[in-house]
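In the working numbering, the protein residues as written are 130 to 586. Beta carbons: idealized from backbone N, C-alpha and C, even for Gly. For reference, the structure is listed below as structure tokens.
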Amino acid sequence: MSRKNLALALMAILVVMSLILSACATPTAAPTEEAPAATEAPAEPETPTEAAPAATEAPAATEAPMADEVEVFSWWTGGGEAAGLEAMIKIFNEQYPNITFVNSAVAGGAGTNARAVLATRLQAGDPPDSWQGHAGQELIGTYVKDQKIEPLNDLYAQEGWLEVMPETLIPLISADGNIYSVPVNIHRANVLWANPTILADNSITMPTTLDEWFAAMDTLQAAGVTPLALGEQWTNMHLMETVLLASLGPEAYNGLWSGTTDWGSPEVKTALENYVKVLTYTNSDAASLSWQDAAQLVVDGNAAFNVMGDWAEGFFRELGKAPTTDYLWAAVPGTGGNFQFLSDSFVLAVGAPHRDAAIAWLITAGSKAGQDAFNPVKGSIPARSDGDRSLYGEYLQSAMDDWASNTVVGSLTHGVVANDSWKSEIDTALGLFLQDKNVETFQAALVAACQASGPCQ
Ligand code: GAL
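Laid out in structure tokens, this is it:
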């Protein structure tokens, strides 16, 4: 090979080598160009070692939304209740876009299942950040007594809630000068729902006294219609508390819980006899029906009446039913002028795993926007006194008027008047009563329950 040719060959080799080198250089450049993309999508799995420094460089932007979450526990999983909760979560997401809402709802009306799950978790030291608890003895006699929840006085001051939450409610969520929960609503327990067509077909108008109700249900029974739809056991306790109120009146009803009304009195016996009579008009498969199943019998035209709290209205709306056309309402006969109430509230767990996020949730739950999103769907009125009335349907507007003008008494089934142990003893007695329908035995058991866990000790 001549020198010239050798030089040409060497040049050719150099050119090829530089081409090869520049080809090899391309992949090394690529990650640098792709680096911003990797930061935008930190989960990119291919180059974990390279991604790590990038993540440390921009921790706030990429990690905060993943890390911040709040676990909220309730029993709102269906029938208007889940929809109401979703509406409030939507507001929460708008107010706190960086916090992930973890919905730990456990199915089962009135919290029968959920509260058992919650009790187990609390016992195991594994609390959700926040949970649904009823204002009244359920809250004070259980969670406060067991030191499971934190006082919220500072939050009340910060949010100005004392100016907007009803005065009647504050004592029911307070102990020793501390306020322990954030009420989201007011529900009414003593509501009679009815199917308008069935009533019209049988020439029945909404009954206002127990006697009128019995007469109407006799007519319906004779016509082969199920007069009163009923569900599982807690709906039975719910029915019973409304008949106790109807039979005793508000003062003596309140006395059952304060100790001034004798559970062994003839008046209470008459009330229990009224209750056992009401039960003769109910469907035989009650024990296997949820509250939604029982309420649906009315709007589907398979039963004339149902006694249920006004969450039933949220459920009827979910089903696409319209007020007055598909369902009527009135106070349970004999309870007109009385508002048997309960209130759902949210608490802050002692040792909440995500305390700041839980406080953010409570702020939404106590806010006007949160309450006005939740309640029209849930079938309740806002706990706050400044809710926007125009957002609420016909039934709920009537409930607002009644809440403002009626005599207010508390619900047993939904945590206002009795602590958990007393309520559970009443429930046990009720379970036996539903088997044997023996009023004397039942009354004796109720007297014993008041002596064991109530104010008759
Ligand atoms: C109540 C609760 C209501 C509704 C109802 C039926 O105890 O306060 O919000 O959920 O149970 O599940």
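| Query | Result |
| --- | --- |
| Just how far apart, CA to CA, sit valine 576 and phenylalanine 445? | 38 Å |
| When the distance is taken between beta carbons, is glycine 238 closer than 9 Å to glycine 544? | no |
| Can the beta-carbon of threonine 271 be found less than 9 Å from the beta-carbon of valine 235? | no |
| Let's test the definition: count the other Cβ atoms within 10 Å of the Cβ of glycine 463 and tell me whether it reaches 16, buried, or not, exposed. | buried |
| Hey, leucine 525 and glutamate 442: beta-carbon distance below 9 Å or not? | yes |
| Do valine 476 and serine 310 have their CB atoms nearer than 9 Å? | yes |
| Just how far apart, CA to CA, sit leucine 284 and leucine 247? | 24 Å |
| Just curious, the beta strand (DSSP E) that leucine 359 is in, first and last residue? | It is not in any beta strand (DSSP E) - leucine 359 carries neither H nor E in the DSSP assignment. |
| What are the uninterrupted segments assigned as alpha helix (DSSP H) that are 4 or more residues long and contained completely in the region 459-528, given in chain order? | 484-495 and 497-507 |
| Got a sec: does the ligand GAL put a non-hydrogen atom nearer than 8 Å to the Cβ of asparagine 314? | yes |
| What separation, rounded to the nearest whole angstrom, lies between the Cα atoms of leucine 339 and alanine 375? | 7 Å |
| Are the beta-carbon atoms of asparagine 227 and leucine 214 separated by less than 9 Å? | no |
| Since I believe glutamate 447 is in contact with glycine 208 (beta carbons under 8 Å), could you give me their beta-carbon distance rounded to a whole number of angstroms? | 6 Å |
| Is the number of C-beta pairs between the region 383-395 and the region 449-462 that are closer than 8 Å three or more? | no |
| Determine the burial state of proline 505: buried for a count of at least 16 other Cβ atoms within 10 Å of its Cβ, exposed for fewer. | buried |
| Are the CB atoms of aspartate 515 and valine 293 within a distance shorter than 9 Å? | yes |
| Just confirm the distance between the C-beta atoms of alanine 423 and leucine 359, as a whole number of angstroms; I'd bet it's less than 8 Å. | 6 Å |
| Evaluate the contact criterion for the region 484-502 versus the region 411-419: three or more CB pairs, one atom per stretch, below 8 Å. | no |
| Which residue comes first and which comes last in the beta strand (DSSP E) that contains threonine 399? | Run containing threonine 399: none in the beta strand (DSSP E); it sits in the alpha helix (DSSP H), 395-408. |
| Here's a check: name, in chain order, each residue in its chain whose Cβ is nearer than 7 Å to the Cβ of valine 568, leaving out the five neighbours to either side. | Lys398, Leu401, Glu402 and Val405 |
| Report the rounded CA-to-CA distance for arginine 244 versus threonine 364, giving the unit in angstroms. | 16 Å |
| Isoleucine 308 and leucine 281 look like a contact to me (Cβ under 8 Å); what is the Cβ gap, rounded to whole Å? | 5 Å |
| Measure the Cβ-Cβ separation of phenylalanine 470 and glycine 378 and say whether it is below 9 Å. | no |
| So, helix, strand or coil for glutamate 163, using DSSP? | Residue placement at glutamate 163 is poorly supported in this model, since its pLDDT is 30, which falls under 50; the coordinates still yield a value, given next. Reduced to three states, the DSSP call for glutamate 163 is helix. |
| Using a threshold of 9 Å, state whether the C-beta atoms of glutamate 279 and valine 479 are closer than that. | yes |
| Would you please state the rounded distance, in angstroms, between the beta carbons of tryptophan 551 and valine 199? I believe it to be under 8 Å. | Not confirmed; about 32 Å, so no contact. |
| Spell out the partners DSSP gives isoleucine 315 in its beta bridges. | Ile510 |
| Where do the ends of the beta strand (DSSP E) carrying tryptophan 260 lie? | 259-263 |
| When the Cα atoms are used, what is the spatial distance from asparagine 383 to leucine 561? | 25 Å |
| If I'm right that isoleucine 302 touches alanine 264 with Cβ under 8 Å, what's the distance once you round it to whole angstroms? | 5 Å |
| So what does DSSP say about threonine 542, is it helix, strand or coil? | coil |
| Spatial neighbours of asparagine 350 within its chain, please: C-beta separation below 8 Å, excluding the five flanking residues on both sides. | Here residue 350 turns out to be glutamine, not asparagine, going by the sequence shown. Cβ within range, chain order: Pro356 and Tyr410. |
| Using the Cβ count rule (16 or more neighbours within 10 Å means buried), how would you classify serine 259? | buried |
| Tell me whether the beta-carbon of aspartate 197 lies closer than 9 Å to the beta-carbon of histidine 483. | yes |
| Any heavy atom of the ligand GAL closer than 8 Å to the beta-carbon of histidine 543? | yes |
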